[in-house]
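Shown next, in structure tokens, is the structure this report addresses.
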Amino acid sequence: MVFQRNTGRGFAAAAVGILAAVAALPGEPLAAQERVNLAAGRKVSFSPAPNYALTAKGGTDETDLTDGRLAAPKTDRLWFDSAAVGYSYAGLNQLAVDLGEARNIGEVAVRFQGGSPQAGICFPCRVDLVASADGVQYYRVASCSRWNEDDFDNYRVPRDEGKAWVHTLRFRDVNVRARAVGLEIYGTALSVTDELWVYEGSGNATYRPATEGAASDFTVSAPRMHFHKPVVHVPINTSAPTPVGLLTPPGLGKMRAAAVIDLPRGVRFEGGHLDGVAASAARAEVLDGGAFTRYTFDVDVAAGKKNWGRLYLRADWHDQQRGVLWYRLRPLGPKGGAEAEPPLIEQPILAIQVPPAPRPQRLMTGLGWCSFDEVLAWPGAIEAFRVLGFTTVPMFARYTHLDDPAVRDALERFRAAGFKVINIDSTFHHALAKAGKRRGELACQFADGGQGQELCPSYRGPLYQAEIDRVARECAAARADYLSCDVELWGWRGPADAPWCTRCQADFKKSGAKDWAAWQLDKGEEIWRDVAARVRAAVKEAGAPEPELGVYDFRPGQNYQNFWPFDRLYPRYMTNSQVSTYTPLYPYHLAMVGDEARADRARLPRSDVLPWLTPGNAGTFPGEAFTWALVECFANGSRGVHFWNSALWDAESLAAHARAVRIAAPVEDVIVNGAPAEGVRTEPPVRTCGMRRGDDMFLLIADYYLRGKKTVEVELPMQKACTVTDLDAGGQVARLAAGERRFRVVLHGGRPAALRVKD
Numbered sequence: 040m041v042f043q044r045n046t047g048r049g050f051a052a053a054a055v056g057i058l059a060a061v062a063a064l065p066g067e068p069l070a071a072q073e074r075v076n077l078a079a080g081r082k083v084s085f086s087p088a089p090n091y092a093l094t095a096k097g098g099t100d101e102t103d104l105t106d107g108r109l110a111a112p113k114t115d116r117l118w119f120d121s122a123a124v125g126y127s128y129a130g131l132n133q134l135a136v137d138l139g140e141a142r143n144i145g146e147v148a149v150r151f152q153g154g155s156p157q158a159g160i161c162f163p164c165r166v167d168l169v170a171s172a173d174g175v176q177y178y179r180v181a182s183c184s185r186w187n188e189d190d191f192d193n194y195r196v197p198r199d200e201g202k203a204w205v206h207t208l209r210f211r212d213v214n215v216r217a218r219a220v221g222l223e224i225y226g227t228a229l230s231v232t233d234e235l236w237v238y239e240g241s242g243n244a245t246y247r248p249a250t251e252g253a254a255s256d257f258t259v260s261a262p263r264m265h266f267h268k269p270v271v272h273v274p275i276n277t278s279a280p281t282p283v284g285l286l287t288p289p290g291l292g293k294m295r296a297a298a299v300i301d302l303p304r305g306v307r308f309e310g311g312h313l314d315g316v317a318a319s320a321a322r323a324e325v326l327d328g329g330a331f332t333r334y335t336f337d338v339d340v341a342a343g344k345k346n347w348g349r350l351y352l353r354a355d356w357h358d359q360q361r362g363v364l365w366y367r368l369r370p371l372g373p374k375g376g377a378e379a380e381p382p383l384i385e386q387p388i389l390a391i392q393v394p395p396a397p398r399p400q401r402l403m404t405g406l407g408w409c410s411f412d413e414v415l416a417w418p419g420a421i422e423a424f425r426v427l428g429f430t431t432v433p434m435f436a437r438y439t440h441l442d443d444p445a446v447r448d449a450l451e452r453f454r455a456a457g458f459k460v461i462n463i464d465s466t467f468h469h470a471l472a473k474a475g476k477r478r479g480e481l482a483c484q485f486a487d488g489g490q491g492q493e494l495c496p497s498y499r500g501p502l503y504q505a506e507i508d509r510v511a512r513e514c515a516a517a518r519a520d521y522l523s524c525d526v527e528l529w530g531w532r533g534p535a536d537a538p539w540c541t542r543c544q545a546d547f548k549k550s551g552a553k554d555w556a557a558w559q560l561d562k563g564e565e566i567w568r569d570v571a572a573r574v575r576a577a578v579k580e581a582g583a584p585e586p587e588l589g590v591y592d593f594r595p596g597q598n599y600q601n602f603w604p605f606d607r608l609y610p611r612y613m614t615n616s617q618v619s620t621y622t623p624l625y626p627y628h629l630a631m632v633g634d635e636a637r638a639d640r641a642r643l644p645r646s647d648v649l650p651w652l653t654p655g656n657a658g659t660f661p662g663e664a665f666t667w668a669l670v671e672c673f674a675n676g677s678r679g680v681h682f683w684n685s686a687l688w689d690a691e692s693l694a695a696h697a698r699a700v701r702i703a704a705p706v707e708d709v710i711v712n713g714a715p716a717e718g719v720r721t722e723p724p725v726r727t728c729g730m731r732r733g734d735d736m737f738l739l740i741a742d743y744y745l746r747g748k749k750t751v752e753v754e755l756p757m758q759k760a761c762t763v764t765d766l767d768a769g770g771q772v773a774r775l776a777a778g779e780r781r782f783r784v785v786l787h788g789g790r791p792a793a794l795r796v797k798d
């Protein structure tokens with residue numbers, strides 16, 4: 040079969056009336072203010088619907104962006120204002136404005152929150168402008184993307200510095216004639232916008248039709264499948280997933296659809312699924328004389344999600360070979376016929392060879408928040424995990440069928456291959472979720488007979504005991520080497536209902552605590568000691584080694600949720616701290632990740648830091664950024680890293696993880712047994728951090744904002760003869776004689792130098 044791919048042309052524009060308004064962008068000179076905002080007062084359509092509760096209050100999202108009102112004008116903290124529109128951990132988002140008829144558009148502008156006032160509240164990773172002649176088929180017009188090296192500078196996006204700012208992104212001189220405009224926004228942990236302008240162009244400009252751009256599958260009226268990055272990395276020598284997302288507009292009911300993926304010669308499916316339909320079950324058809332093979336998945340489309348599909352691709356290409364695949368999602372009518380024929384979309388792909396990472400002996404590496412079922416579905420997982428430098432296999436023991444002989448056998452194969460088991464558990468969340476009609480028993484009790492909704496800190500009844508027994512029993516069955524829990528039971532204030540709870544009042548009176556704050560910390564210590572004691576006893580009885588115990592976001596010097604006193608629990612009842620930073624890994628965040636790990640390490644006698652990062656859930660990033668985020672953790676005293684969650688792991692991120700392990704493994708003894716390095720100086724001043732054990736030093740020299748290259752002179756705090764080697768590129772950087780303390784290193788772009796200094 041020979042077929043013709045979409046050329047991105049066609050579709051006529053409709054013409055209806057429009058109400059326009061004269062409007063100006065914030066801070067514009069007066070001479071520029073007499074411009075017509077074609078979007079003023081028009082409703083905005085979304086796919087998916089905005090999902091951030093604080094900005095969604097009042098149900099005005101569809102008019103918030105075109106009402107002329109700027110949110111939070113005094114604070115720049117848009118995420119608190121219902122006049123804004125917010126997306127939390129949503130990934131790709133779409134919004135569109137129908138202008139009613141074809142108009143000449145000169146500029147499109149939109150305001151976004153940025154600055155990282157909280158770690159993941161950032162400017163979006165990517166904002167693409169699309170336009171349509173008919174309001175149905177859209178075409179690409181312009182883009183501002185982190186994936187294009189100079190875009191943020193060219194569009195004057197400010198740097199993150201830990202303080203809120205709002206930036207007006209301006210797509211100037213687009214000069215396109217279109218009926219509708221849309222924005223495709225790949226968000227971060229929280230992406231917020233509050234106003235959109237579509238300015239009519241001047242009368243003396245030339246306007247191109249919207250159909251001249253590259254065809255897009257942008258839509259706010261139909262389901263859309265998508266890949267999460269501009270380029271899909273396809274491994275040559277190992278197995279790794281490619282996540283596929285699904286977007287659905289509000290109110291879309293369940294429908295049948297055909298998901299089509301055309302793979303080029305030399306690229307194949309090893310496994311995986313779309314919407315639960317296995318790649319092996321997809322209908323295959325050879326196209327273009329074998330240049331492509333078309334795979335058609337018959338799927339039921341319902342609610343959208345980031346990880347609608349996970350496909351395992353493998354390439355028989357050479358390293359760094361580039362190509363494309365094509366894809367589309369075609370909704371089907373009630374009788375199975377196509378409702379519309381969306382264009383085939385080109386998706387660039389890159390074949391990569393992943394150099395195997397040595398398996399560390401003392402570092403905790405692996406997938407983190409991931410089910411054992413996902414591991415079992417991973418083709419050749421044991422060998423893949425070896426290549427990627429993993430030391431653990433993950434599970435949620437609560438949802439793992441450990442009584443199934445096949446599951447137990449699979450787990451034992453991982454053990455025999457040298458992997459340790461990490462059990463992730465949402466302790467007490469499970470009890471609350473499964474209590475049913477008895478949930479009130481777990482909650483605070485009020486004098487008027489009412490009950491709270493959250494866990495009562497003084498409840499020690501049967502459901503409390505059963506929950507701790509469950510965790511202990513499952514750790515024993517899994518023979519878990521690590522137990523990491525998520526106990527986000529209350530807000531930052533802790534159990535706010537406790538002072539009004541009759542059960543807590545009685546316990547407080549009996550305790551003799553000086554105040555409620557002290558009483559809460561006593562209760563937190565008591566609960567975790569119960570968990571630790573019972574887990575350890577059960578695992579010991581099972582004949583397994585005592586597991587490491589830790590909890591998400593528990594940190595030295597802090598009382599999580601004003602309830603859990605880490606410093607009282609470590610190291611006897613808790614063996615590690617777990618600081619969390621979920622960000623899109625912009626340059627600011629790379630340093631922040633390291634600084635947070637270092638802050639914890641500075642408060643601990645040993646390198647008992649196991650931080651939480653995300654492999655893309657708070658905004659996708661290049662593999663280069665991920666590598667250096669992980670190295671920042673290791674170079675600042677982390678002896679492992681957790682990840683939340685598994686949805687967006689891909690070959691690029693996993694290859695980046697393997698690279699970080701290749702850097703860290705040779706110096707793992709320095710990381711685990713050393714202390715933060717002090718006294719390293721550079722000229723010019725750049726970021727330095729590292730770990731030191733005697734005369735053995737692991738050193739990171741970085742300038743994450745650097746463009747081009749920079750020569751840096753490094754001065755060491757040691758007098759002995761030593762050799763400086765590059766842990767990333769390999770090879771000797773310098774050989775210093777006794778008394779020599781300075782050497783030079785060249786930084787390229789934002790890439791640091793990861794060095795070992797050893798006598």
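Under the numbering used here, the residue at position 543 of the sequence shown is numbered 582, and the numbers go up by one with no gaps.
C-beta atoms are modelled at their ideal positions from N, C-alpha and C, and glycine is treated no differently.
Could you tell me which residues DSSP puts in a beta bridge with residue i?
i	result
F151	H206 and T232
I160	L229
H272	L389
Q771	T764
Would you say residue i and residue j are within 8 Å of each other, going by their C-beta atoms?
i	j	result
A808	Y621	A query on residue 808 cannot be resolved here, the shown segment of the chain reaching from 40 to 798 and no further.
A253	N214	no
Q492	A482	yes
F257	V316	no
M294	L368	no
V711	R401	yes
Y351	E380	no
R637	S616	no
C524	C495	no
T94	A123	yes
K96	S127	no
Please report the residue range of the alpha helix (DSSP H) in which residue i lies.
i	result
F485	F485 -> no alpha helix (DSSP H), and no H or E assigned at all.
Q559	W555 to E580
M403	Segment: none, M403 is in no alpha helix (DSSP H) and carries neither H nor E.
Q544	T541 to S550
W667	G662 to A674
M631	P626 to A641
F191	D190 to N193
L502	P501 to A517
Can you tell which of the options has its C-alpha closest to the C-alpha of residue i?
i	options	result
E73	Y238, P89, Y128 and R142	Y238
Y178	F467, A420, A219 and R353	A219
D798	I710, R150, R774 and R783	R774
A704	A141, L291, R678 and E422	R678
S465	G479, A436, G457 and C483	A436
G770	P791, R746 and R795	R795
A129	S184, V325 and G343	G343
Q392	H696, N276 and Q600	N276
Y591	Q600, G489 and P584	Q600
S619	G589, P626, D606 and P604	G589
P87	E140, D103 and A341	A341
R701	L649, V725 and L766	L766
R477	V149, M631, N462 and Y503	Y503
E691	A320, T666, G405 and E480	T666
L687	A396, L222, D233 and W408	W408
Starting from residue i and walking both ways along the beta strand (DSSP E), at which residues does that stretch end?
i	result
R322	R322 to L326
Q386	I384 to I391
E200	Element bounds for E200: n/a, residue is neither H nor E.
D689	Where D689 is concerned, there is no enclosing beta strand (DSSP E), given that its DSSP letter is neither H nor E.
V306	V306 to L313
K113	Looking at the DSSP string, K113 is not in any beta strand (DSSP E), and its letter there is neither H nor E.
Can we say the stretch 188–198 touches the stretch 268–287, given the rule of at least three CB pairs closer than 8 Å?
-> no
For the stretch 129–144 against the stretch 294–303, are there 3 or more C-beta pairs whose distance is under 8 Å?
-> no
Taking contact to mean at least 3 C-beta pairs separated by less than 8 Å, is the stretch 652–660 in contact with the stretch 723–742?
-> no
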